[in-house]
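Number of protein chains: 2
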Amino acid sequence: MQDLDTPSTAALRQLDTPAAVIDLARMRRNIARMQQQADALGVRLRPHAKTSKCAQVVAAQQAAGAQGITVSTLKEAEQFFAQGLTDILYAVSMAPHRLPAALALCRRGCALQILTDSVEGARAIVDFGRQHGHAFEVLIEVDTDGHRSGITPQDDALLAVGRLLHEGGMRLAGVLTHAGSSYDLNAPEALTALAEQERAGCVHAAKRLRAAGLPCPVVSVGSTPTALAAASLQGVTELRAGVYVFFDLVMRNVGVCSEDDIALSVLTTVIGHQADKGWAIVDAGWMAMSRDRGTGRQAQDFGYGQVCTLDGTPMPGWLLSSANQEHGIVSKPDGDPSDVVARLPIGTRLRILPNHACATGAQFPQYQALAPEGGLTAWGRFHGW
Amino acid sequence: MQDLDTPSTAALRQLDTPAAVIDLARMRRNIARMQQQADALGVRLRPHAKTSKCAQVVAAQQAAGAQGITVSTLKEAEQFFAQGLTDILYAVSMAPHRLPAALALCRRGCALQILTDSVEGARAIVDFGRQHGHAFEVLIEVDTDGHRSGITPQDDALLAVGRLLHEGGMRLAGVLTHAGSSYDLNAPEALTALAEQERAGCVHAAKRLRAAGLPCPVVSVGSTPTALAAASLQGVTELRAGVYVFFDLVMRNVGVCSEDDIALSVLTTVIGHQADKGWAIVDAGWMAMSRDRGTGRQAQDFGYGQVCTLDGTPMPGWLLSSANQEHGIVSKPDGDPSDVVARLPIGTRLRILPNHACATGAQFPQYQALAPEGGLTAWGRFHGW
Chain A
1 MQDLDTPSTA
11 ALRQLDTPAA
21 VIDLARMRRN
31 IARMQQQADA
41 LGVRLRPHAK
51 TSKCAQVVAA
61 QQAAGAQGIT
71 VSTLKEAEQF
81 FAQGLTDILY
91 AVSMAPHRLP
101 AALALCRRGC
111 ALQILTDSVE
121 GARAIVDFGR
131 QHGHAFEVLI
141 EVDTDGHRSG
151 ITPQDDALLA
161 VGRLLHEGGM
171 RLAGVLTHAG
181 SSYDLNAPEA
191 LTALAEQERA
201 GCVHAAKRLR
211 AAGLPCPVVS
221 VGSTPTALAA
231 ASLQGVTELR
241 AGVYVFFDLV
251 MRNVGVCSED
261 DIALSVLTTV
271 IGHQADKGWA
281 IVDAGWMAMS
291 RDRGTGRQAQ
301 DFGYGQVCTL
311 DGTPMPGWLL
321 SSANQEHGIV
331 SKPDGDPSDV
341 VARLPIGTRL
351 RILPNHACAT
361 GAQFPQYQAL
371 APEGGLTAWG
381 RFHGW
Chain B
1 MQDLDTPSTA
11 ALRQLDTPAA
21 VIDLARMRRN
31 IARMQQQADA
41 LGVRLRPHAK
51 TSKCAQVVAA
61 QQAAGAQGIT
71 VSTLKEAEQF
81 FAQGLTDILY
91 AVSMAPHRLP
101 AALALCRRGC
111 ALQILTDSVE
121 GARAIVDFGR
131 QHGHAFEVLI
141 EVDTDGHRSG
151 ITPQDDALLA
161 VGRLLHEGGM
171 RLAGVLTHAG
181 SSYDLNAPEA
191 LTALAEQERA
201 GCVHAAKRLR
211 AAGLPCPVVS
221 VGSTPTALAA
231 ASLQGVTELR
241 AGVYVFFDLV
251 MRNVGVCSED
261 DIALSVLTTV
271 IGHQADKGWA
281 IVDAGWMAMS
291 RDRGTGRQAQ
301 DFGYGQVCTL
311 DGTPMPGWLL
321 SSANQEHGIV
331 SKPDGDPSDV
341 VARLPIGTRL
351 RILPNHACAT
361 GAQFPQYQAL
371 APEGGLTAWG
381 RFHGW
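Put into structure tokens, the structure is as follows:
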């Protein structure tokens, strides 16, 4: 077996398991694809750093042409700002108690944009900003698909929030939407239709603000599926997407990537068997994979992940079918796994493609970045808030 | 609202959110309960540290009478050994590539016990141990409920593994089993029956080894539900259990605790609403709660968690019904939530009881330990491997 090693598989044998491996060739291809899409549609790309929470991954996105980043926590903002990024959009509604931390970031030179979707939230920003003599740059969240937060484009509250921010002395930066319901689709035409709904709703909101005499320079839309499915982004200024950098099995089922595009996998070791049941027991349980079972409600259920050989080749029908904290069960639910002990002896190394790259990555303090020529580098990632 | 604060709620208002809060009074009560159960049944208690991965929590368990700990990774073993614990059972089948790290721990003075459940695994231990002149202390994993790993008590492989280890110069420490299928039950009589099955199977395995002239000083059983339901542990020497230290909604549904026993909660802040839908949006998403939906297949489904007021009082019918990465949706699925904006205005702090304490705790770099008199202390926990 060792005789057949490539430089990559030889390198992976040296790691302890479980480990989160990034296939750099795939990651770079994914980054280039989304950048080309944004370029072709004539908009800036502002990647969502919540997927990787990793300086090197974000640096690769910026090097490919991205402008600024999106973050989901102020800790991400602080960490990336410390690494030299200044153009940061915090795309979760601003909690009043976090305004002092946001102000501190701004005063240190961060061009931080914050978000609100209510009169109540806007008033807290205005009151705090005035009290401290700071004009926060604020986006209004627009709800274009009903899946979570935001003000619908036709709602009177949109103008009320816009006026409150503008007249209260804040810098009304524009509107933002995220059609997260795209994760529930799997047909190209449905994705393209949702992308158009996302675009049209957000542009409509921007027009209403402008018609009311309010500034609205930024029109920000996106989710990985709608970003890749959009036929036009007329009126939009920037695109946001996160998970595309790694992709995962959920995105494969949505139909925006193939298994061969998935850049994140969990390296694991076979530690035992239940031969009668056709099981190999591995050391990647849910602590490594996360508890995400996103493919469980999709057309093809991959359990806790698709099993691949050490070189990354999928083993058709072999799934991480069950998981405890530090144990995973590898089996072939629809096949004959009677050769499991001979095929996957103790010590065998496998790689598991995850349901959801954002959730799986978060289980690890670091990634192992695997270069095409086989070099491995540890890349740290943030944890917590 | 602030006028009505207790010292505890006042302290919790000072934390950033989300935060993982330990109610120390409940934790100590849970620890005392399990210790009393072990004492009453005449066995040692060896708590599983994988639930907390926290030095202070484990110290509280030892102070209450526990003897040694169980761990699920060698990193846990290394961390707890560094903190002065020496009696450590690594209760996951030994992967051959981890033997050098295990040996290093032993040579530094750790009384590390390791586990195997196959001839193949035992041979790797024997070969490595002999090569390095070290007699590893090894337990054989016994399968008493078919849920995962282990050799069934009547299997010939049990004696083969025992002989291989003993004759190979290792210290055969005994047998271990974990009836993890107890998580699927919810009737006291079924739990007691499974506890007896777990006990009887493991004791039978021990007797077979002894009858074959092999040593078997340790007979180790347990899971939180079977530990609490056991009527007798005759022939058993030690009990293992993990999640009891915090308990959670899954354990509440299994029937071994009440909501009032759950010592871990996630502190969160309301950041917005969708009034028409009766939703409050909070800053605890799945990154804080984990993706664990363990109650989804139980009699009472709590979504991503039971919502409580800041003082920890459950709000009947209010659930964290949906979760994205950093957004949670609080709603009352079976009630009239039309007053959600008035009842839970932006900035409101809530506490969410988790489905699975082991999974939720792992999302946080630290716990906030809340003393009965309201004092808060940050307790670190390990992450990764």
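So the sequence lines, in the order shown, correspond to chains A and B. Each residue of the first sequence is one higher than the one before, starting from 1 at the first, in the UniProt record's numbering. Each residue of the second sequence is one higher than the one before, starting from 1 at the first, in the UniProt record's numbering. Ideal Cβ positions, reconstructed from N, Cα and C, are used throughout, including at glycine.
How far does the alpha helix (DSSP H) with residue i in it reach, from first residue to last?
{"i": "Glu78/B", "result": "Leu74 to Ala82"}
{"i": "Glu196/B", "result": "Pro188 to Ala211"}
{"i": "Gln35/A", "result": "Leu24 to Leu41"}
{"i": "Pro153/B", "result": "Neither: Pro153/B is in no alpha helix (DSSP H) and is coded neither H nor E."}
{"i": "Cys308/A", "result": "That residue, Cys308/A, is in no alpha helix (DSSP H); its beta strand (DSSP E) goes Gln306 to Thr309."}
{"i": "Ala60/A", "result": "Ala55 to Ala63"}
{"i": "Ile125/B", "result": "Val119 to Gln131"}
{"i": "Thr360/A", "result": "Ala357 to Gly361"}
{"i": "Ala342/B", "result": "Val340 to Arg343"}
{"i": "Ala288/A", "result": "Trp286 to Met289"}
By the 10 Å Cβ neighbour count, where 16 or more other Cβ atoms means buried, how is residue i classified, buried or exposed?
{"i": "Asp156/A", "result": "exposed"}
{"i": "Thr377/A", "result": "exposed"}
{"i": "Gly129/A", "result": "buried"}
{"i": "Thr177/A", "result": "buried"}
{"i": "Gly133/A", "result": "exposed"}
{"i": "Ala49/B", "result": "buried"}
{"i": "Arg108/B", "result": "exposed"}
{"i": "Thr70/B", "result": "buried"}
{"i": "Leu353/A", "result": "buried"}
{"i": "Leu4/A", "result": "exposed"}
{"i": "Ala229/B", "result": "buried"}
Tell me where the beta strand (DSSP E) around residue i begins and ends.
{"i": "residue 398/A", "result": "No information on residue 398/A is available, as it lies outside the stretch 1 to 385 that chain A covers here."}
{"i": "Val219/A", "result": "Val218 to Val221"}
{"i": "Gln14/A", "result": "Here Gln14/A belongs to no beta strand (DSSP E), and DSSP marks it neither H nor E."}
{"i": "Leu376/A", "result": "Leu376 to Gly380"}
{"i": "Gln368/B", "result": "Gln366 to Leu370"}
{"i": "Asp87/A", "result": "Asp87 to Ser93"}
{"i": "Ala280/A", "result": "Trp279 to Val282"}
{"i": "Thr51/A", "result": "Per DSSP, Thr51/A belongs to no beta strand (DSSP E) and is neither H nor E."}
{"i": "Val71/A", "result": "Ile69 to Val71"}
{"i": "Thr268/B", "result": "Leu264 to Gln274"}
{"i": "Gly328/B", "result": "Gly328 to Ser331"}
Please state the DSSP three-state secondary structure of residue i.
{"i": "Val256/B", "result": "coil"}
{"i": "Ala230/B", "result": "coil"}
{"i": "Leu139/B", "result": "strand"}
{"i": "Met1/A", "result": "Because the pLDDT at Met1/A is just 47, under 50, the model does not fix this residue reliably, and the value given afterwards should be weighed accordingly. Three-state result, Met1/A: coil."}
{"i": "Ala111/B", "result": "strand"}
{"i": "residue 399/A", "result": "Nothing can be reported for residue 399/A, as the shown portion of chain A is limited to 1 through 385."}
{"i": "Glu238/A", "result": "strand"}
{"i": "Leu185/A", "result": "coil"}
{"i": "Ala173/B", "result": "strand"}
{"i": "Gln300/A", "result": "coil"}
{"i": "Ala20/A", "result": "strand"}
{"i": "Ser322/B", "result": "strand"}
{"i": "Thr144/A", "result": "coil"}
{"i": "Thr6/A", "result": "coil"}
{"i": "Arg44/A", "result": "strand"}
{"i": "Trp385/A", "result": "coil"}
Exercise. Just by C-beta distance, which residues in the region 87-114 of chain A are closer than 7 angstroms to chain B?
Worked result: So the list reads Val92, Ser93, Ala95, Pro96 and His97, given in the order they occur along the chain.
Exercise. Listed in chain order, which residues of the region 223-255 of chain A have Cβ atoms closer than 7 angstroms to some Cβ of chain B?
Worked result: Within the region 223-255 of chain A, no residue has a Cβ lying closer than 7 angstroms to any Cβ of chain B.
Exercise. Mind listing which residues of the region 282-306 of chain A have their C-beta closer than 9 angstroms to chain B's C-betas, in chain order?
Worked result: Flagged, chain order: Asp283, Gly285, Trp286, Met287, Ala288, Ser290, Arg291, Asp292, Arg293 and Gly294.
Exercise. Of all the residues that make up the region 130-155 of chain B, which are near chain A by a beta-carbon distance shorter than 7 angstroms?
Worked result: Using a CB distance below 7 angstroms, the part of the region 130-155 of chain B facing chain A consists of Arg148 and Ser149, ordered along the chain.
Problem set entry | Residues of the region 34-64 of chain B with Cβ closer than 7 angstroms to any Cβ of chain A, in chain order | Result list: Lys50.
Exercise. Going along the region 255-270 of chain B in order, which residues come within less than 9 angstroms of chain A, judged by CB to CB distance?
Worked result: From the region 255-270 of chain B, only Thr269 and Val270 have a Cβ closer than 9 angstroms to chain A.
Exercise. Of all the residues that make up the region 352-367 of chain A, which are near chain B by a beta-carbon distance shorter than 7 angstroms?
Worked result: For the region 352-367 of chain A, the set of positions with a beta-carbon nearer than 7 angstroms to some beta-carbon of chain B reads Cys358, Ala359, Ala362, Phe364 and Pro365 in chain order.
For this session: Closer than 7 angstroms, Cβ to Cβ, to anything on chain A: give me those residues from the region 71-84 of chain B, in chain order.
Result: Cβ contacts with chain A come from Ser72 and Thr73.
Exercise. Listed from N- to C-terminal order along the chain, which residues in the region 5-18 of chain A have their beta-carbon within a distance smaller than 7 angstroms of any beta-carbon of chain B?
Worked result: Against chain B - using a Cβ distance shorter than 7 angstroms - the residues of the region 5-18 of chain A are Asp16 and Pro18.
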